[in-house]
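Beneath this line is the structure, given in structure tokens, with notes to follow.
Protein chains: 2
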Amino acid sequence: MYDLTPVFVSLKKAQALLALENRSRKDKALEAAAAAINADRKLILGANAADVTKAKSGGMTEALIDRLLLSDQRIDDIISGIETVIRLEDPIGKVLSGWTLPNGLLVEKLTVPLGVAAIIYESRPNVTADAFSLAYKSGCGILLRGSSAALESNRALVKAIRRGLAEGGGIPDAVNLADSGSRDEVDLILNARGFIDVVIPRGGRELIRRVVDNAKVPVIETGEGNCHIYVEQSADMKNAAKIIANAKLQKPGACNAVETVLVHREALSSLMPLLAEELAGKAELRCDGPSKAAIAGKNGTPGLNIKDAVEEDWATEFLDYILAVKTVDSVDEAIDHINRYGTKHSEAILTADLRTADEFCRRVDAACVYTNASTRFTDGGEFGFGAELGISTQKFHARGPMGLVALTTIKYRISGRGQIRE
Amino acid sequence: MYDLTPVFVSLKKAQALLALENRSRKDKALEAAAAAINADRKLILGANAADVTKAKSGGMTEALIDRLLLSDQRIDDIISGIETVIRLEDPIGKVLSGWTLPNGLLVEKLTVPLGVAAIIYESRPNVTADAFSLAYKSGCGILLRGSSAALESNRALVKAIRRGLAEGGGIPDAVNLADSGSRDEVDLILNARGFIDVVIPRGGRELIRRVVDNAKVPVIETGEGNCHIYVEQSADMKNAAKIIANAKLQKPGACNAVETVLVHREALSSLMPLLAEELAGKAELRCDGPSKAAIAGKNGTPGLNIKDAVEEDWATEFLDYILAVKTVDSVDEAIDHINRYGTKHSEAILTADLRTADEFCRRVDAACVYTNASTRFTDGGEFGFGAELGISTQKFHARGPMGLVALTTIKYRISGRGQIRE
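Spelled out as structure tokens, the structure:
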């Protein structure tokens, strides 16, 4: 069996050193890594071209090839992502709170690096650089396990990053790529207690399930987003139709795209015709009876595609140009539906009514709850976190878009003058 | 097989309601629960007497029977523990941070309850009340799974608590006892994904291992404490001997008691004779060669019990009147030893040297790092958290003594005026 132990040991040692680096040394190393990626641009694009050729001959879909593909522009974006992380405050060494005990002991709660993180991800090579830069800035080691389809691209990127770190006085061994291509590798990572402090799966539902079910190390679940928008009767319906269209169409493959719209019965007649117009020719509607009836008058609209919704649709993250529509009789019913079928990712209410908005925000159990906005803003970049490690859909340790803070933990520092316990 | 599903469902429903309760309603319910425990004092003591009789006839050790035993005083302590929690600030609904995005969206990060917690614990019935009161105050449901030895005591306590909650306008179903006595129960709890948001094992190493190895729900590991005190040559040696004696003798069965003392070679001759005097007749010393040689002159001291340390001693949490002593040549060697054998619980340095203290605090990887004090202060009560759920030895989600904050998570509330993503 393939053995990752030497990699684990070297990451752990390097992380212990990285934990002691101050901000200016970390930023300098990150700058050098960005410069090395820039310098290796041709090598990286060449490696990526090899990956793409192999993927095409293997019959990969266009959409997936687009995720895999690098270009000069995308390398520029990778570099500017690292530069954004450089500008972020150091998350380490913050005194979150502090107090003095009755006996005079001073207790301080400080932020420290979480340790070594592993990220298991699918095609996109930009995740390689994002995860590295966030981990490095937060003083964490990182083990990258990309998909085999992106192997050459990731090798070239990690090679450049490690060389850059060495040139910039940084700690190259704090980042490593698991590149055997073997499936065993994932199992080794999931069982590496004492070496890996957290594993973050980033990809499809199947990957995430596999990791959650098998990991003996802590996991942060990410990315499954069955998101809803609830339209209440007091909402501005023209605006509502535009927000829904944005949340569905702007990037249907994103986890923060809307999948089901819940419409108050009294909003059906005003919202549904506008929504049908917005989506005609752009997305399929899967309607329940009352919402379908409300657009019967639109049946001749070119491109309008209406199907009957089935129970399964409420539980489906389509990740496609498909929108389910369900009628509800109250905000309570909307909240119950969301708490039953949602994945605790991003949920929105469109309303002019303060009390209903408040009810919704308080009772919907999700990482991000919106009033009068598109769900598409749940994103580390949009939130101002710089890059993101993913979007946590769990409540434990990290929730919502994960930036630097997700890779920190705390340490209590207690300073005394000989105190003993009576 | 025993089925806990109805209990899980009822806890989840109750927690959704409890999450919406404000502080004054939660405090009122807690007061009523404390009053009910007081009113049921005789019933509780009677149930406990039955547990104790059974334990004695089953051959339970005196030390364990003492942990199981309730008395009027201990019931008073349980009640005053609840009163302390009532006085604590509400951990829910805090706005931890908030900012406005370039497009005008307001993002606020709020604290919300983690959900439903389960605690699996050994004999002590006071944990029943501590865990309940912390969970209730933080808006969490709690499933209590005590040991079978304390079954009648826990039943009587939980019955009083639930009646009190009902009388105080609270939510009785937010607390429940898993009381079938079946071992299946633990497995059901460990697999209750979607119902149990965290499980906290509180007890011996074996229990904690079993939970960590088998849980499909998030776990917080607690309580394993192989703690060290490092004595540097600049320390006040009289003080040092007293601090070590306190950390060893005051409660040797506690997880924050010291197990190994690391002594700088240059401190041996001044520290060891004083330490031998402090511990003679009170604790066994397991010394390496140089530390043993340093107390050769004390060999006639009545009660002095010195054995040769073996490798295994460095890795052992004695939980007994035994102290291992090892000689080191530098703070580096002390730190390496601690990071290798320690359990990331509580570690101390005794020194007058600022730079060494700083090195130690920065490089030792533990929840609590002390300068010039006994390790025995790592405790929710001592830290001012009121009761405690346990002491986390992991870095994920919660670290160190766990009070109310360990049972919270966050939610982003995003308020817009029709924003869509461009």
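Going down the list, the protein sequences come from chains A and B.
If you're matching positions, the first sequence starts at 1 in my numbering and goes up one per residue.
If you're matching positions, the second sequence starts at 1001 in my numbering and goes up one per residue.
Positions of the beta carbon are idealized from the N, C-alpha and C atoms, including for glycine.
Everything numeric in this text was worked out from a predicted model, so none of it was measured.
For residue i, the nearest candidate out of the options (CA to CA)
i                   : options                                           : result
Gly-1303 of chain B : B:Glu-1359, B:Leu-1279 and B:Leu-1389             : B:Leu-1279
Asp-66 of chain A   : A:Glu-122, A:Thr-111 and A:Arg-362                : A:Glu-122
Val-116 of chain A  : A:Leu-110, A:Trp-99, A:Lys-307 and A:Leu-134      : A:Leu-134
Ser-1138 of chain B : B:Ala-1387, B:Glu-1422, B:Gly-1400 and B:Gln-1419 : B:Ala-1387
Glu-21 of chain A   : B:Glu-1359, B:Arg-1413, B:Ile-1391 and B:Leu-1389 : B:Glu-1359
Leu-1101 of chain B : A:Leu-407, A:Thr-408 and A:Phe-383                : A:Phe-383
Ile-1086 of chain B : B:Ala-1029, B:Glu-1311 and B:Gly-1253             : B:Ala-1029
Glu-1333 of chain B : B:Gly-1081, B:Met-1272 and B:Tyr-1230             : B:Tyr-1230
Ala-1055 of chain B : B:Asp-1320, B:Leu-1068 and B:Tyr-1370             : B:Leu-1068
Lys-251 of chain A  : A:Asp-320, A:Ile-44, A:Phe-132 and A:Gly-169      : A:Asp-320
Asn-191 of chain A  : A:Leu-4, A:Asn-305 and A:Lys-411                  : A:Leu-4
Ile-1044 of chain B : B:Gly-1300, B:Leu-1070, B:Ala-1063 and B:Gly-1059 : B:Leu-1070
Gly-1169 of chain B : B:Val-1331, B:Ala-1367, B:Leu-1018 and B:Gln-1419 : B:Leu-1018
Tyr-412 of chain A  : B:Ala-1254, B:Val-1364 and B:Ala-1063             : B:Val-1364
Arg-74 of chain A   : A:Asn-38, A:Lys-26 and A:Gly-297                  : A:Asn-38
Gly-1225 of chain B : B:Gly-1381, B:Phe-1132, B:Ala-1241 and B:Ala-1254 : B:Ala-1254
Arg-1205 of chain B : B:Val-1325, B:Tyr-1136 and B:Thr-1343             : B:Thr-1343
Arg-1183 of chain B : B:Ile-1120, B:Glu-1167 and B:Val-1325             : B:Ile-1120
Minimum Cβ-Cβ distance from residue i to chain A less than 7 Å
i                   : result
Asp-1173 of chain B : no
Asp-1332 of chain B : no
Phe-1195 of chain B : no
Lys-1395 of chain B : yes
Cys-1361 of chain B : yes
Arg-1205 of chain B : no
Leu-1274 of chain B : no
Arg-1376 of chain B : yes
Ala-1129 of chain B : no
Ala-1373 of chain B : yes
Beta carbon of residue i nearer than 7 Å to that of residue j
i                   : j                   : result
Asn-372 of chain A  : Leu-350 of chain A  : yes
Ile-171 of chain A  : Ala-118 of chain A  : no
Ser-374 of chain A  : Arg-1209 of chain B : no
Thr-1327 of chain B : Val-1263 of chain B : yes
Asn-1214 of chain B : Leu-1011 of chain B : no
Ala-1036 of chain B : Ala-1160 of chain B : yes
Leu-249 of chain A  : Lys-282 of chain A  : yes
Arg-1078 of chain B : Asn-1126 of chain B : Per the sequence shown, residue 1078 of chain B should be read as Ile rather than Arg. Yes, the pair counts as a contact, with Cβ atoms nearer than the cut-off.
Leu-1165 of chain B : Ala-1014 of chain B : no
Leu-105 of chain A  : Gly-416 of chain A  : yes
Ser-1392 of chain B : Thr-1260 of chain B : no
Val-1211 of chain B : Val-1217 of chain B : no
Asn-305 of chain A  : Glu-277 of chain A  : no
Gly-1403 of chain B : Phe-1385 of chain B : yes
Ile-1244 of chain B : Met-1272 of chain B : no
Glu-1152 of chain B : Ala-1047 of chain B : yes
Ser-1346 of chain B : Thr-1378 of chain B : yes
Minimum Cβ-Cβ distance from residue i to chain B less than 7 Å
i                  : result
His-337 of chain A : no
Pro-218 of chain A : yes
Thr-351 of chain A : no
Gly-141 of chain A : no
Tyr-370 of chain A : yes
Gly-400 of chain A : yes
Arg-25 of chain A  : no
Arg-421 of chain A : yes
Integer-rounded CB distance, given that residue j should sit under 8 Å from residue i
i                   : j                   : result
Asp-90 of chain A   : Lys-1395 of chain B : Not confirmed; about 18 Å, so no contact.
Asp-1356 of chain B : Glu-1232 of chain B : The sequence given here places Thr at residue 1356 of chain B; Asp does not occur at that position. Correct: roughly 5 Å between the Cβ atoms.
Leu-1157 of chain B : Ala-1174 of chain B : 15 Å between Cβ atoms; not a contact.
Ala-352 of chain A  : Asp-236 of chain A  : 7 Å
Arg-1286 of chain B : Asp-1313 of chain B : 5 Å
Ile-1414 of chain B : Leu-1110 of chain B : Actually they do not touch by this definition, with Cβ atoms about 11 Å apart.
Residue i CB to nearest heavy atom of the ligand MN below 6 Å
i                  : result
Ala-280 of chain A : No copy of the ligand MN occurs in the structure displayed, which carries no ligand at all.
**Message:** Against chain A, which members of the stretch 1402-1419 of chain B pass a CB distance test of less than 7 Å?
**Reply:** Going along the stretch 1402-1419 of chain B in chain order, one finds Thr-1409, Ile-1410, Lys-1411, Tyr-1412, Arg-1413, Ile-1414, Ser-1415, Gly-1416, Arg-1417, Gly-1418 and Gln-1419 with a Cβ nearer than 7 Å to chain A.
**Request:** Note down, in chain order, all residues in the stretch 240-265 of chain A with a beta-carbon under 7 Å from any beta-carbon belonging to chain B.
**Result:** Flagged, chain order: Lys-242, Ile-243, Asn-246 and Gln-250.
**Asked** Listed from N- to C-terminal order along the chain, which residues in the stretch 88-106 of chain A have their beta-carbon within a distance smaller than 9 Å of any beta-carbon of chain B?
**Response** Across the stretch 88-106 of chain A, CB contacts with chain B closer than 9 Å involve Trp-99, Leu-101, Pro-102, Asn-103 and Leu-105, in sequence order along the chain.
**Request:** Scan the stretch 107-124 of chain A for residues whose Cβ lies nearer than 7 Å to a Cβ of chain B and list them as they occur along the chain.
**Result:** Per Cβ criterion, the list reads Val-107, Leu-114 and Gly-115.
**Message:** Which residues of the stretch 1379-1393 of chain B have a Cβ closer than 9 Å to any Cβ of chain A? Give them in chain order.
**Reply:** Within the stretch 1379-1393 of chain B, contact with chain A at the beta-carbon level (separation under 9 Å) is assigned to Asp-1379, Glu-1382, Phe-1383 and Gly-1384.
**Item:** Interface positions of the stretch 304-322 of chain A facing chain B (Cβ-Cβ less than 7 Å), listed along the chain
**Value:** Hits within the stretch: zero.
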